[in-house]
Amino acid sequence: MPRVHPAPRALLEERGRETVEAALELWPRAYQDRTALRRISELRVGDEATVLGTVAHVRVQRMRNGRPLLKVGVQEGGSALELVFFNPPPWRLKQFAAGESLLCSGKVTEGFGARRQMSQPEVEKVQAGDSANFGRIVPVYPGPADYQHPALRKLMKRLVDELAPAAVDDVPAEIRARRALAGRAEALRDAHFPPPGTDPLRAAERVTPAFRRLVFEELFFLQLALAMRRRGVRAEAGIAFDASPAALARAVEPLPFRLTGAQERALAEIARDMAEPEPMNRLLQGDVGSGKTAVAFAAMMLAVRSGWQAALMVPTEILAEQHARTLSRWLEGRGVEVALVGASARGKAQREARAAVAEGRARIAVGTHALLEQAVGFERLGLVVVDEQHRFGVMQRASLISKGRRPDVLVMTATPIPRTLALAFYGDLDQSKISELPPGRTPVTTRLFGDSQRKAAYALARGELEAGRQVYVVYPLVEESEKSDLADATTGATELAKVFPGHEIGLLHGRMKPEEKQRVMDRFRAGELQVLVATTVIEVGVDVPNASVMIVEHAERFGLSQLHQLRGRVGRGAAKSFCLLLAHFRRAGDEARERLRAMEETQDGFEIARVDLRIRGPGELLGTRQSGQKLLDVADLYRDEAILEEAREEAFGLVERDPDLARPEHAAAREALAGRWAGRLSLAQVG
Ligand code: ADP
Ligand code: MG
1018 MPRVHPAPRA LLEERGRETV EAALELWPRA YQDRTALRRI SELRVGDEAT
1068 VLGTVAHVRV QRMRNGRPLL KVGVQEGGSA LELVFFNPPP WRLKQFAAGE
1118 SLLCSGKVTE GFGARRQMSQ PEVEKVQAGD SANFGRIVPV YPGPADYQHP
1168 ALRKLMKRLV DELAPAAVDD VPAEIRARRA LAGRAEALRD AHFPPPGTDP
1218 LRAAERVTPA FRRLVFEELF FLQLALAMRR RGVRAEAGIA FDASPAALAR
1268 AVEPLPFRLT GAQERALAEI ARDMAEPEPM NRLLQGDVGS GKTAVAFAAM
1318 MLAVRSGWQA ALMVPTEILA EQHARTLSRW LEGRGVEVAL VGASARGKAQ
1368 REARAAVAEG RARIAVGTHA LLEQAVGFER LGLVVVDEQH RFGVMQRASL
1418 ISKGRRPDVL VMTATPIPRT LALAFYGDLD QSKISELPPG RTPVTTRLFG
1468 DSQRKAAYAL ARGELEAGRQ VYVVYPLVEE SEKSDLADAT TGATELAKVF
1518 PGHEIGLLHG RMKPEEKQRV MDRFRAGELQ VLVATTVIEV GVDVPNASVM
1568 IVEHAERFGL SQLHQLRGRV GRGAAKSFCL LLAHFRRAGD EARERLRAME
1618 ETQDGFEIAR VDLRIRGPGE LLGTRQSGQK LLDVADLYRD EAILEEAREE
1668 AFGLVERDPD LARPEHAAAR EALAGRWAGR LSLAQVG
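Here the working numbering is used: the first residue of the sequence shown is 1018, the next is one more, and so on.
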């Protein structure tokens, strides 16, 4: 672009906007409506206004410190306004000449003798043609005051007018027409300089037609990438398991309860995938306690009865042990062996478990990432189930999958992901959801206690203990200082012995050996211990139905989904249950308060996830904060749910119609796809 003033260009370059494209994507943070011109005679002190006048005089005075002070008198219809510029740069001193027409915008103040003034106003000489700064709704860019300089707006206006029309519109025309989307050039123009009649607030909220198009575009290409990936997985030959109604009936038969309707629906979806020769790649979401294990069990039984092995990978030893125990109990006397693959290969039991898996005597292997060790081999791995999937990285999952030949994959998560986030980032996985809890659960009452109200919380817990129930007390674990946390929990346990006399108290923390942890957990499960004091190791998946109270110490230090997980440990039996959050309000920030309040207000994991999304944004929810990459630019998953659904439908439809995007009318989309997501897409490959 010729004749660009170096100052606004430098502003852009300093912030990494070195290309026209990048500059065009510097989105305004707000807008000012300067459509209407005011008469000078009508101006009142305090008004923000834009007026058109004629320069009457120009005066330079000296301030007390010797710096120049520029005063420009402007007249219109017999009324006068004085523009005041403090310490102006040299070019400003020469900017004005009597007789010129001038647009001025700023706040009206009062000078000597009730004279109306504007100090440091924005001004522009009136020329023929469009002004970037007046007579329209103008953008306010993020950044310091120099970012609001008229010269930057002028440059943006030129980019938008002269170069944006040359941008290729990479959303296929057919889709644009069907969704009534603006063209890219038009959208860029209106995003920076909204057309007359636009509500500046709506523009700032990015809900105008221009932003609808830009948001659609961003989400469309994300979905297109996911649709292409999904197709890639599907194109490979996998295993067709026997998932006939008879096989299904046989798979659920060992369960000691009837599946809920929601569990049955999820299982039917899984079974349908498993019956197909294409590899399954499915995400099963279900709130804490919704009974994902039973569904996974039935899926594993389908694999086992078809002559394959199944692997269940979980994030903690305690959980592995619990799952192995549950599955073995359900399978008692049915000739299906479950092997627990532990962390260390040493010891006779472990050698045997591993051999059983390798030789195929064990048909189901349960373990932590120990399952990933090279030494762990399978005879015929056909189904991989990953529980609490957010705890595992992409590579870990891939490495388990590689132990079979294109096994089916089921990933499960109890960290409810809002639907938008799931669609946006796990959109290449098919999704099932368990949306109801098993019968007989009573809702958990959640209450917040300040530090001084600790006694009341304890009294409530004591009552439950006396009624024969059990209690968890959880302390936060701060990784950098495991020692002090241990101290916290240990002191806590000692204190609690005084608070709950006559009850056995057990302590569980991260530095205990697996066998020790196991022993404590066993005793708690058996009811020999009534109170379990723990660092967050019990966060995930532990199932002790008789426990009815969860006390969380320093609740302000926990994330929302963690708190929800912890709460999910109680309310598993028929008894009324309580989640008591002890918080140091004074030290808690606004976000922490908002989290705690959300916990009190709702039990619905998906609602909690929505709040979490609003508070923290998608990057942090997906654990990508460290990467420093911004996942989305204009789109906001909280706000743009409806657009996401449309974009997804169109993207998946497009891949269906033209799987390689080979048609000429899709060439632009194909190219855009490669360009946009290079490097960023790996984040979405978690599935
Ligand atoms: P999560 O989805 O959190 O992993 P679990 O699989 O641990 O949940 O199940 C929670 C509890 O609910 C377990 O005690 C389990 O036995 C029980 N459960 C699961 N499904 C049913 C059902 N259909 N009817 C009754 N109880 C069930
Ligand atoms: Mg579970």
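A virtual CB, placed ideally from N, CA and C, is assigned to each residue, including glycine. Values in this document were obtained by computation on a predicted structure and should not be read as measured data.
| Item | Value |
| --- | --- |
| For ligand 3, is there any heavy atom lying closer than 7 Å to the beta carbon of K1309? | Ligands present in the displayed structure are limited to ligand 1 and ligand 2, and ligand 3 is not among them. |
| To the nearest angstrom, report how far apart R1020 and A1615 are at their CA atoms. | 54 Å |
| Does ligand 1 have even one heavy atom less than 7 Å from the beta-carbon of L1583? | no |
| Given this structure, state the Cα-to-Cα distance separating A1220 from L1043, to the nearest angstrom. | 14 Å |
| If you draw a straight line from the alpha carbon of L980 to that of D1425, how long is it in whole angstroms? | Any question about residue 980 goes unanswered here, given that the chain covers just 1018 to 1704. |
| Am I right that A1202 and P1182 are in contact with their C-beta atoms under 8 Å? What's the rounded C-beta distance? | 4 Å |
| Looking at Q1280 and ligand 1, is the gap between the Cβ and the nearest heavy atom below 7 Å? | yes |
| Please list the terminal residues of the continuous alpha helix (DSSP H) segment that includes S1345. | E1334 to W1347 |
| Can the beta-carbon of H1209 be found closer than 8 Å to that of P1025? | no |
| Can you name the start and end residues of the alpha helix (DSSP H) that Y1475 belongs to? | R1471 to E1483 |
| Please list the terminal residues of the continuous alpha helix (DSSP H) segment that includes M1080. | Taken as a continuous stretch (DSSP letters only), M1080 belongs to no alpha helix (DSSP H), as it is neither H nor E. |
| Quick one: using the 10 Å Cβ neighbour count with 16 as the cut-off for buried, is W1325 buried or exposed? | buried |
| Restricting to Cα atoms, I'd like to know which of L1169, A1254, A1260 and K1450 is closest to Q1302. | K1450 |
| Which partner residues does G1523 have in the DSSP bridge list? | L1549 |
| Taking the runs of the beta strand (DSSP E) that are 3 residues or longer, which of them lie wholly in the segment 1220 to 1283? | none |
| Might you give, ordered along the chain, the residues of its own chain that have their beta carbon closer than 6 Å to the beta carbon of G1696, omitting 5 neighbours on each side? | Low per-residue confidence applies at G1696: pLDDT is 49, beneath 50, and the placement is therefore not dependable, though the value from the model is reported in the following sentence. Nothing listed; no residue qualifies. |
| Which residue from E1179, G1585, D1187 and E1059 puts its Cα closest to that of P1460? | G1585 |
| Quick check on the burial criterion: 16 or more other C-beta atoms within 10 angstroms. Buried or exposed for A1686? | buried |
| Taking a contact to mean a Cβ-Cβ separation below 8 Å, would you say L1661 touches L1198 in this structure? | no |
| Comparing alpha-carbon positions, which option in A1047, R1079 and E1270 lies nearest F1103? | R1079 |
| Is A1431 near ligand 1, with its Cβ less than 7 Å from a heavy atom? | yes |
| For F1274, count the other beta carbons within 10 Å of its own beta carbon; 16 or more makes it buried, fewer makes it exposed. Which is it? | exposed |
| Please tell me whether A1357 and A1341 are closer than 8 Å, where the distance is taken between their beta carbons. | The sequence shown places Leu at residue 1357, rather than the Ala named in the question. Yes, these two residues count as a Cβ contact at 8 Å. |
| So does the segment 1572 to 1582 actually touch the segment 1595 to 1615, counting three or more Cβ pairs closer than 8 Å? | yes |
| Using three-state DSSP, classify D1447 as helix, strand or coil. | strand |
| Less than 8 Å between the beta carbons of L1176 and L1028, yes or no? | no |
| Taking DSSP's pairing of strands, which residues face F1466 in a bridge? | L1599 |
| Beta strand (DSSP E) containing R1133: first to last residue? | R1133 to S1136 |
| Can you check whether the CB of V1068 is closer than 8 Å to the CB of L1100? | no |
| So, with DSSP's three-state summary, where would you put D1425? | strand |
| What are the residues that DSSP puts in a beta bridge with D1050? | I1154 |
| Quick one: grab the DSSP three-state call for F1102. | strand |
| Quick one: is M1018 buried, meaning 16 or more other Cβ sit within 10 Å of its Cβ, or exposed? | exposed |
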